[in-house]
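*Asks:*
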Amino acid sequence: MVSTRSDRVAQLGPIAGRRAAFERPRYARTLWGDAWRRFRKHRLAMAGAAMFLFLTVGSIVGPFVYRVPINALNFGASMVPPSAAHPFGTNDLGQDMLARIMYGGRISIAVGFAAMLMSVTLGVLMGATAGFFGRTIDLVLMRITDVFLSLPALPLLLLTIYLFREPITRALGPQLGIFWLIVGVIGGLNWMPTARLVRAGFLAVKEKEFIEAARSVGVGPVKQIFRHIMPNVLSPVIVSGTLSVGAAIITESTLSFLGLGFPPDVPTWGRLLFDAQNYLDLAPHMALFPGLMICLAVLSINYVGDGLRDALDPTRVF
Amino acid sequence: MTRYILHRLLTAVPTLVIISMVIFGILALAPGDPLGQLAANPDVPPEVRQNILHQMGLDQPIPIRYAKWAMSWATGNWGYSFASHISVARLLLQRLPTDLWVIGSGYLIAVMIAIPVGVLSAVKQYSLLDQVATTSAFIGYSLPTFFTGVLMIIIFSVRLHWLPFIYNVQVRDPVRMLQQAIMPVAVLALFQSAVLTRFVRSSMLDNVGQDYVRTARAKGLAQHRVIIRHVLRNGLIPIVTLIALQLPTVFTGAVVTEQIFRVPGVGSLLIASIQNSDTPVVMAIAFVAAILVVLLNIAADVVYGALDPRIRYG
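If you're matching them up, the sequences are chains G and F in order.
Residue 28 is where the first sequence starts when you use our numbering, and the numbers rise one by one after that.
Residue 924 is where the second sequence starts when you use our numbering, and the numbers rise one by one after that.
1) Which of the residues in the segment 167 to 195 of chain G, read from start to end, lie with their CB under 7 Å from any CB of chain F?
2) Does the structure place the segment 209 to 218 of chain G close enough to the segment 134 to 152 of chain G that three or more beta carbon pairs sit under 8 Å?
3) Compare the C-beta of T938 of chain F with all C-beta atoms of chain G and state if any pair is closer than 8 Å.
4) Give the interface partners of N76 of chain G over in chain F, defined as CB-CB distance under 9 Å, in chain order.
5) Going along the chain, which residues of its own chain have a beta-carbon closer than 7 Å to the beta-carbon of L287 of chain G, five neighbours each way excluded?
6) Assess, as a yes-or-no matter, whether the segment 1104 to 1123 of chain F is touched by the segment 1010 to 1030 of chain F under the definition of 3 or more beta carbon pairs within less than 8 Å.
7) Within 8 Å of any Cβ in chain G, is that where the Cβ of L1193 of chain F sits?
8) Would you kindly work out how many angstroms separate the C-alpha atoms of D292 of chain G and A303 of chain G, rounded to a whole number?
9) So which residues on chain G does A1213 of chain F lean against when the C-beta distance must stay under 8 Å?
10) Output yes if chain G places a C-beta closer than 8 Å to the C-beta of L1014 of chain F; else output no.
11) State buried or exposed for S243 of chain G, treating a residue as buried only when at least 16 other CB atoms are found within 10 Å of its CB.
12) Classify H69 of chain G: buried if its beta carbon has 16 or more other beta carbons within 10 angstroms, exposed otherwise.
13) List the DSSP bridge partners of S1010 of chain F.
14) Hey, quick one: how far does the alpha helix (DSSP H) through T269 of chain G stretch, first residue to last?
15) Report all residues from its chain with a CB closer than 6 Å to the CB of T1068 of chain F; omit the five preceding and five following residues, and keep chain order.
16) Which runs of the beta strand (DSSP E), 3 residues or longer, sit entirely within the segment 1087 to 1157 of chain F?
17) Using a Cβ cut-off of 9 Å, pull out every chain F residue sitting near L307 of chain G, in sequence order please.
18) List, in order along the chain, the chain G residues whose C-beta lies closer than 7 Å to that of L1066 of chain F?
19) DSSP three-state label for V344 of chain G, please.
20) Does F1005 of chain F get closer than 8 Å to chain G when you measure Cβ to Cβ?
21) Taking A222 of chain G and G161 of chain G to be in contact with their CB atoms under 8 Å, please state how far apart those CB atoms are, rounded to whole angstroms.
22) According to the neighbour-count rule (16 or more other Cβ atoms, all chains shown, within 10 Å of its Cβ), is E279 of chain G buried or exposed?
23) Are there 16 or more other CB atoms within 10 angstroms of the CB of W218 of chain G, so buried, or fewer, so exposed?
24) With a threshold of 8 Å between beta-carbons, can A338 of chain G be considered close to chain F, or not?
25) Check the DSSP bridge columns for T117 of chain G and list the partner residues they point to.
26) Could you list which residues in chain G have their beta carbon closer than 8 Å to that of A1209 of chain F, in chain order?
27) Compare the C-beta of V1179 of chain F against all C-beta atoms of chain G and say whether one is closer than 8 Å.
28) Hey, does S280 of chain G have any beta-carbon neighbour from chain F nearer than 8 Å?
29) How long is the line joining the alpha carbons of A72 of chain G and D61 of chain G, rounded to whole angstroms?
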């Protein structure tokens, strides 16, 4: 993306090249390299990243290693507490909790990422358009953002999912349909903060001299936006995007917990908690393990976001 | 000032109109119609169904339905609940006291915890106290309320048998009333105080390094006086806004907490109404919530100006 120091030096000819050899630091320092170095120093963020990676890999690879079916009924072993045969115990139908939690993790984490991608994409598009073009376009887009910010989020979320669940299930199938519905609604109601961040960044950066320089050599608006301005406003977007993965996982769990999320045969973490609610006295492990997974996932991703915030802050020097 | 408030109120009207259109549009375009239950029943002949639809005005085009709904809303007629056949306004008023009591006290406790903790942890930055406070706030803010609620039920109701886990409005005994409110209030207070503490701390930190603080110290003021009279006064300004923006939930109810502890507030009414396709109630709750958000936004800005003389409204 950015030409390295050495190929710029090569273009300048041999004398400049020799002088540059003195100036060159012992290792190349790039923007992202610096950020990574700072991130590594943040111990809790590294622990969070490791934990989240573990949860993700565990839920993707886990079912291939731990080959217990998620929906095999066994009323003889109903609500068994954790044991060697069932490390996380079983639920009221005698289904193995570990297998269900690993499978559910796939969906919960996938919802988190897909919703984040959607809200970041929407937010970046809205914010960049508003910030770059300004005037009427800015006014209209920011008004829309304000309206979305004053929508009552949770009632609307519940309402939309309840009302559109059946048709979309019929169109796309029970699992995929609900998945896209939940992702769409969470993403569609969470893009506003990103849009504001991007717009503010664009307003600040577009007046800088290097943008003027780009414009003066005939760089078109699309290339100005994505090539020149965007890399400079990306840091806060990455941070808020990271934190929004955790928020989306919580929202999906909340929906499933209220019985308005995935159907019973799709054991997302929130759904598992919902199913456990009636057996808190007989089988607390049914609630504890999925709840713990949600907490671990959200906590670790929030620590990653916190570390990224510190690492991507360009005013910090190490 | 009056002009500013008036201007803000006037610009709020189109926002509210658009919000109402969005909510109405979602409900009207949704395929599940309020007579879904009735339609699924094979005993109801199609003519009867058509008649009911006609009586309720549901066979008219959407814009007309919207206009009629908006007119009656503006005149204070919020309609009748499909499920319980009493007026929506009365239904909401029945639920409101529970919310004010449970959620209101949850917020109050959260504020009472968050401000001292946030202030102390900012004043003694990087101390042990700060680290404990910051870490617990971080964890408290990452734990979803449905998990802390379930955890509390397992510990205090199932294991220790100390507290009842179902909220009962019929209870008149003050001790029992207090007992059953402890867990829902604690769950809310825990989460809210975590969120608020983080804000109080960072807002205080923005201020402690400023010149006017040094001036105050240079005048020879004692530390507590500098912090309380000077820094806190400025540091709390953004917090007032934050609290104002969260107040609507005292009305809309904390849906999750109410659901876990079966607290019969507006939040659980909303869930029940959504599940019963009780459109008038859902509309009313969602729209009142939107009005409160918009109004409190304005109120927050006005209060902000009153607290901070640097801000002038043109």
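Positions of the beta carbon are idealized from the N, C-alpha and C atoms, including for glycine.
Values in this document were obtained by computation on a predicted structure and should not be read as measured data.
*Replies:* From the atom records:
1) Considering only beta carbons, the part of the segment 167 to 195 of chain G lying closer than 7 Å to chain F consists of D173, V174, S177, L178, P179, L181, P182, L183, L185, L186, T187, Y189, L190, F191, E193 and P194, in chain order.
2) Yes: at least three Cβ pairs fall under 8 Å.
3) Closer than 8 Å: yes.
4) First, the residue type needs correcting, since residue 76 of chain G is Ala and not Asn in the sequence shown. Correct list: empty, because the minimum Cβ distance to chain F is about 15 Å.
5) So the list reads L185, I188 and Y189, once near-sequence residues are dropped.
6) With a cut-off of 8 Å, the segment 1104 to 1123 of chain F and the segment 1010 to 1030 of chain F count as touching, because enough Cβ pairs lie within range.
7) Residue contact check for L1193 of chain F against chain G: a CB pair falls below 8 Å.
8) Computed Cα separation, rounded: 14 Å.
9) Within chain G, the C-beta atoms nearer than 8 Å to that of A1213 of chain F come from S177, L178 and P179, in chain order.
10) The beta carbon of L1014 of chain F does not come within 8 Å of any beta carbon belonging to chain G, so the residue lies off that interface.
11) The C-beta of S243 of chain G has fewer than 16 other C-beta atoms within 10 Å across all chains shown, which makes the residue exposed.
12) With 16 or more other Cβ atoms within 10 Å, it is buried.
13) When DSSP reads this structure, S1010 of chain F sits in a beta bridge with F:Y1003.
14) First-last of the alpha helix (DSSP H) with T269 of chain G: M257 to F284.
15) Cβ within range, chain order: V1110, F1114, V1179 and T1180.
16) Whole beta strand (DSSP E) segments, 3+ residues: zero.
17) By Cβ distance, chain F contributes V1073, I1076, I1077, S1080, V1081 and F1088.
18) Going along chain G in sequence order, the residues near L1066 of chain F (Cβ under 7 Å) are C322.
19) Caution is warranted here: a pLDDT of 46 is assigned to V344 of chain G, below 50, making its placement in the model unreliable, and the coordinate value is therefore given only provisionally. DSSP places V344 of chain G in coil when its eight states are reduced to three.
20) Using a Cβ-Cβ cut-off of 8 Å, F1005 of chain F does not count as an interface residue toward chain G, since no Cβ of chain G sits closer than that to its own.
21) The Cβ separation is near 15 Å, so there is no contact.
22) Label assigned to E279 of chain G: buried.
23) So W218 of chain G counts as buried.
24) With a threshold of 8 Å between beta carbons, A338 of chain G makes no contact with chain F.
25) In the DSSP output, where bridge partners are listed per residue, T117 of chain G has G:D123.
26) By Cβ distance, chain G contributes P179, P182, L183 and L186.
27) So yes, V1179 of chain F belongs to the interface.
28) True, the Cβ-Cβ gap to chain F drops below 8 Å.
29) Roughly 16 Å separates the two Cα atoms.
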